[in-house]
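Colleague: I am attaching a structure below and will ask some questions about it afterwards.
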Amino acid sequence: MSTGLEPVDGDLEGSEADLASLIGDRALERDDHVNAPGFVIRPDDVQDVLFDLRDRAGFDYLSCVTAQQYEDRYESIYHLKKYDDPTQEVSVVVPTSTDNPVSQTAEPVYRAADWAERENFDLVGIDYEGHPDPRRILLPETWQGHPLSLDYNQEKPQMVTLAEHANPLKGDTKDTETDTMFLNIGPHHPATHGVLHVKAVLDGETVVDVDPDIGYLHRCEEQMCQQGTYRHQIMPYPDRWDYVSAGLLNEWAYARAVEDLADIEVPEYAQVIRTLGAELCRIAAHMLALGTFCLDVFGDFNAVFQYAFRDREVVQDILEDLTGQRLMFNYFRLGGVAWDLPEPREDFFEKTRDFLDGLPRKISEYEDLVVTNEIFQIRCVDTGILKPEVAKSYGATGPTARGSGIDMDLRRDDPYGYYENLDWDVITEDGMDNYSRVLVRMGEVEESAKIIEQCIDLLEDWPEDDREIQSNVPRTLKPDADTEVYRGVEAAKGELGIYIRSDGTDKPGRFKIRSPCFHNLSTLPVMTQGEYIADLIASLGSLDIVLGEVDR
Amino acid sequence: MSSAVSTLAPLQVGEPLLPERLGELTGLDQLGVGGELIAAFIGAFIVGNLMLAMTGVAGPWAKRKITAAFTDRYAVNRIGPFGLLIIVADAVRLLAKENIIPEDADRPAYDLAPIIVASSAMLGFAVIPMGSGIQLADPEVGLAYVFATAGIASIGLVMAGYASSNKYSMIGGLRAVAQNIAYEIPLVVTGLSVVIFAGTLQMSEIVAAQAETLITIGGLDIPMWYAFVNPFAFVLFVAANVAEIGRNPFDIPEAPTEIVAGYQTEYSSVYFVLIYLGEFLHIFLGGAIIATVFLGGPAGPGPAELGIVWFIVKIWAVFLFTQWLRSALPRVRIDQLIEIGWKGMLVLAFANLVLTALIVGLLEADADLTLTMLTVIFA
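Which chain is which? The protein sequence lines are A and B, in order.
Per numbering that gives the first Met the number 0, residue 0 is the first one in the first sequence, and the count goes up by one each step.
Per numbering that gives the first Met the number 0, residue 0 is the first one in the second sequence, and the count goes up by one each step.
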């Protein structure tokens, strides 16, 4: 929307030669990544090059903006993809000097760059020239220094007292000109799904402006991953990003990135188990999404929330049997999974099949209670409108994007695991509203059930002498220095991507997490302007954010 | 108190009211006006405590148990049989808490609001005939009086809303007023249609009018409860009542996931208990009005002495219904609520009133003609 231009089909194909000729002299050199060709450009060419890539080559999806500091330079990397074909990727690398790390902002090209560049400024310290809103995003405004820059003193404690923190209640928010009211929704509020703070400006019951304030649950996940070894110490962390039962989906993001980085094979049998586990997680996550959304629309103590938890509990039990854990699974390993299916296998299969058999009846119950309920429909249809071009510009993915009719699912479009050998569909809805997003999630639960059923069939018939759960991975993994990879998987909320640069040691040089919730949440102001408070809450719920993943 | 007035001019004939009977029983009526006054206070004390006891049970225990039944849970089951002693635990817990009053609260208003909310509902019970001879007063304007006292609560809510010096409270208070105005008119107008049937506002007379037999099916006498005579009015009234007491799908003045707790956001400890009690009393008063006006009051099988039992059963049935709605229905949005109120319910309420007036008018004019008309309508 704010980009002014709708991306048009490019006159160029995505081949490397075409891209090279499109960028032409502006490319100073090549810096190819494992996943994509990379072009190094000057800091003042950013918008120029990105506009060309978007409008002429069709790269309409700014997946991630990574920033990092080397000894001699700062670097911003724009990971571009296409919504139509996410396998077409290109990385635009923008180095800036250490003395004066100023780079042109990409915000006019992709709205997704707004928050992403704020985060890079906050954590790494690159200034983006022309950025409309150059504030910190995760850390308090009064924070000193940039934690992921090389010269940052991590030993020095920083206390940000309430008095020093910008106080939203100060007189400057009082508007004497108009009749609007400033309202802090959160960080402690029944409907913010964690510790989200939404600064809302209201005109009566109507929302005039919304500014999500995040960072309350920032736990330095990127830094912690950079301090852990590839082989064993990083895998527990992904469970803690999207912690509402999407653990295996997150673990897969890390596993996929490193397996591509270090060229690790995963046995087919392990891939099937991974697919099974991941889809169980997706069902559990979507059940929770449905339940909490109903909490927002129905009110507390409603039946749907409890029913969703009741049904999710069955999935949790199955996952517990599989992984030994209910919340922080830590089940994936590089090159496979930790252990085989629980013995006796028949019991596990039977339990899972029982769940799948009971699912249609439960879904029809939700349809009676929620989807076909007329009050629910008047509340959710045509509220929280997210137009597809806006969603694309903001980098929305997952059910949020598919509810706006964007037909992208990395499981199908950028296949990994065992998905391409299975029969299932990507669910999209054209309503662009809160209702569509609910429908997409409910549809995806059914599709996940289909996938699980096929996985069970496969695993039941799998020959006993071919059950290799892990390939041979060196105890200490040291990928070649300066290999870079960005890989995403379809997590419960959308594309969960991970960028890793290896520096030749057994720990990542830079570990960057592309959170789907982070980018989905950035669409909230567009979705809710001019709507009612109740719709603001419903829209927030329909985005299904988990603050652990937003703030990382 | 009407009992004091009744010595001057008997406003009601028929069954003596609770204060009079108490007066006779204890001999207090021998002491003149003062004695009758004391008898009236004792009567009020009994009725008030009966209602408070019910809300005391309903609030901490029954609501949890009912909601749990609707949502596949167990709820309280650890303290005492069926978790009943949670009532004691909750009472101690709530009363022992510090009463935190916001710095900028508008003091007299902030303190008065919970009292108004709770007492306005209590006042309404004064004229409700609860059967077994329990009725404190029976003025000729009974029904109007009940609506009037229940309406006072709106003042309490808006006071709580603005006096709390909290934006959520403010929004909640404004929502409460907008909602109550939008739904009180259909409520009263629908109630009027019953008055046309009964020809009186006096509660005991309305109950008496429903004692007749409407129709006999298979040897079973269906009484002339107005819920059966005019189901349309009954449904309208129940819907408007749900909005009046602010329960799903019309619980937007509180709307916990939107505006935290609305007008009661800042209230804690004793004040919170009062507001909470007030809400439950209002649900029970709504149930009492519905029972009296549409469900034959204390009427039921068995001897007339069981009236109070049937009456309480009916109130609890209404309470159960509100909890069911709360578990099953989404909440509407404020603009939709106002639209339903002014454009839907109000029109329907007036249509019902006019139709009832026509039918009753014809009924009195010519019974045969009405019968033909009814045949035509139902054919």
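Beta carbons are placed, not taken as given, at the ideal position from N, Cα and C, and that holds for glycine.
Suppose the cutoff is 6 Å on Cβ atoms and the five residues either side in sequence are ignored; what does the same chain contact list for P18 (chain B) look like?
Modeller: Excluding sequence neighbours, P18 (chain B) sits near S2, A38, A39, G42.
Colleague: Can at least three beta-carbon pairs, one atom from the region 42-55 of chain A and one from the region 91-104 of chain A, be found at a separation below 8 Å?
Modeller: With a cut-off of 8 Å, the region 91-104 of chain A and the region 42-55 of chain A count as touching, because enough Cβ pairs lie within range.
Colleague: I need the straight-line Cα distance from V388 (chain B) to V188 (chain B), nearest angstrom please.
Modeller: The first residue shown for chain B is 0 and the last is 378, placing residue 388 (chain B) beyond what the model contains.
Colleague: Mind pulling the alpha helix (DSSP H) runs of 4 or more residues that sit fully within the region 46-105 of chain B?
Modeller: Those alpha helix (DSSP H) runs which fall completely within the region 46-105 of chain B and span 4+ residues are 62-69, 85-95.
Colleague: Pull up the distance between the alpha-carbon of R309 (chain A) and that of L328 (chain B), whole angstroms please.
Modeller: Cα to Cα, the separation comes out at about 19 Å.
Colleague: From H196 (chain A) to I532 (chain A), what distance separates their C-alpha atoms?
Modeller: Spanning the two alpha carbons is a distance of roughly 15 Å.
Colleague: Relative to the C-alpha of D103 (chain B), which candidate in B:G277, B:S168, B:S153, B:G130 has its C-alpha closest?
Modeller: Of B:G277, B:S168, B:S153, B:G130, the residue nearest in Cα terms is B:S168.
Colleague: What ranges does the beta strand (DSSP E) occupy inside the region 45-129 of chain A, keeping only unbroken runs of at least 3 residues that lie completely in it?
Modeller: For the region 45-129 of chain A, whole beta strand (DSSP E) runs of length 3 or above, ordered along the chain, are 60-68, 72-80, 88-96, 101-103, 126-128.
Colleague: Thinking A199 (chain A) and L535 (chain A) are a contact (beta carbons under 8 Å), I'd like their distance in whole angstroms, please.
Modeller: Contact flag correct, Cβ pair sits at about 7 Å.
Colleague: Could you tell me the distance, in whole angstroms, from the CA atom of D84 (chain A) to the CA atom of S514 (chain A)?
Modeller: Those two C-alpha atoms are separated by around 20 Å.
Colleague: Have a look at B:M158, B:D250, B:P185 and flag the residue whose alpha-carbon is nearest the alpha-carbon of D110 (chain B).
Modeller: Cα-wise, what sits closest to D110 (chain B) is B:M158.
Colleague: Considering Cα atoms alone, identify which of B:L122, B:M50, B:T291, B:A260 is closest to R174 (chain B).
Modeller: Ranking the options by Cα distance to R174 (chain B), first place goes to B:A260.
Colleague: Buried or exposed, going by whether 16 or more other CB atoms sit within 10 Å of the CB of H285 (chain A)?
Modeller: Its Cβ being crowded by 16 or more others within 10 Å, H285 (chain A) is buried.
Colleague: List the residues of chain A whose Cβ lies closer than 8 Å to the Cβ of T212 (chain B), in chain order.
Modeller: In chain order: nothing, as chain A lies at least about 38 Å away.
Colleague: Roughly how many angstroms lie between the CA atoms of L200 (chain B) and L142 (chain B), to the nearest whole one?
Modeller: Distance between the alpha carbons of L200 (chain B) and L142 (chain B): 5 Å.
Colleague: With distance defined between alpha-carbon atoms, name the residue in B:Q322, B:E278, B:I288, B:M202 nearest to P248 (chain B).
Modeller: Checked all of B:Q322, B:E278, B:I288, B:M202; the closest Cα to P248 (chain B) is B:Q322.
Colleague: Rounded to whole angstroms, what's the CA-CA distance from A108 (chain B) to F146 (chain B)? Just pull it up for me.
Modeller: Between A108 (chain B) and F146 (chain B), the C-alpha separation is close to 23 Å.
Colleague: In chain A, what lies closer than 8 Å to F233 (chain B) by C-beta?
Modeller: Neighbours of F233 (chain B) on chain A: none; closest Cβ ~21 Å, over 8 Å.
Colleague: Helix, strand or coil for V209 (chain A) per DSSP?
Modeller: The answer is strand: DSSP assigns V209 (chain A) an E or B state.
Colleague: Can you find the residues in the same chain that come closer than 6 Å, C-beta to C-beta, to P128 (chain B), ignoring five residues on each side of it along the sequence?
Modeller: These residues qualify, in order along the chain: Q134, M202, S203, V206, G296.
Colleague: Do you know offhand how far G155 (chain B)'s Cα is from F227 (chain B)'s?
Modeller: Distance between the alpha carbons of G155 (chain B) and F227 (chain B) is about 35 Å.
Colleague: Please tell me whether F292 (chain A) and S90 (chain A) are closer than 7 Å, where the distance is taken between their beta carbons.
Modeller: Not closer than 7 Å, so no.
Colleague: Please state whether DSSP places M180 (chain A) in a helix, a strand or coil.
Modeller: If DSSP states are grouped into helix, strand and coil, M180 (chain A) belongs with the strands.
Colleague: Within its chain, find whatever has a CB closer than 7 Å to the CB of G285 (chain B); leave out the 5 residues flanking it on each side and keep chain order.
Modeller: Excluding positions up to five away in sequence, the list reads N240, E243, I244, V317.
Colleague: Could you list the residues in the region 297-313 of chain A with a C-beta less than 8 Å from some C-beta on chain B, going in chain order?
Modeller: The region 297-313 of chain A vs chain B, Cβ under 8 Å: F297, G298, D299, F300, N301, A302, F304, Q305, Y306, R309.
Colleague: Write down the C-beta distance between W240 (chain A) and R551 (chain A) rounded to the nearest angstrom, noting that I regard them as a contact closer than 8 Å.
Modeller: 6 Å between Cβ atoms; contact.
Colleague: Judging by CA-CA distance, which residue of B:V116, B:G132, B:R92, B:F81 is the nearest neighbour of L276 (chain B)?
Modeller: Nearest of B:V116, B:G132, B:R92, B:F81 to L276 (chain B), Cα basis: B:V116.
Colleague: Which residue wins for smallest C-alpha separation from L520 (chain A), given the options A:S501, A:K511, A:L546, A:T504?
Modeller: Among A:S501, A:K511, A:L546, A:T504, the Cα nearest to that of L520 (chain A) is on A:L546.
Colleague: Can you give me the start and stop residues for the alpha helix (DSSP H) that S326 (chain B) sits inside?
Modeller: Segment 306-327, the alpha helix (DSSP H) holding S326 (chain B).
Colleague: Over the uninterrupted alpha helix (DSSP H) stretch that includes A256 (chain A), give me the two end residues.
Modeller: It spans 246-260 - the alpha helix (DSSP H) in which A256 (chain A) sits, taken as one unbroken run.
Colleague: Skipping 5 residues on each side, what residues in its chain have a beta carbon closer than 7 Å to that of V346 (chain B)?
Modeller: Taken in chain order, the list of residues that qualify is empty.
Colleague: Between the C-alpha atoms of Y161 (chain B) and G82 (chain B), what's the straight-line distance to the nearest angstrom?
Modeller: Y161 (chain B) and G82 (chain B): Cα-Cα distance of roughly 37 Å.
Colleague: Please work out which residues of its chain come closer than 7 Å, Cβ to Cβ, to D424 (chain A), disregarding the five sequence neighbours upstream and downstream, and give them in chain order.
Modeller: E446, listed in sequence order.
Colleague: Please state the DSSP three-state secondary structure of H285 (chain A).
Modeller: It is helical.
Colleague: Can you give the Cα-Cα distance for V56 (chain B) and D367 (chain A), rounded to whole angstroms?
Modeller: Spanning the two alpha carbons is a distance of roughly 32 Å.
Colleague: DSSP three-state label for D320 (chain A), please.
Modeller: D320 (chain A) falls in the helix class under three-state DSSP.
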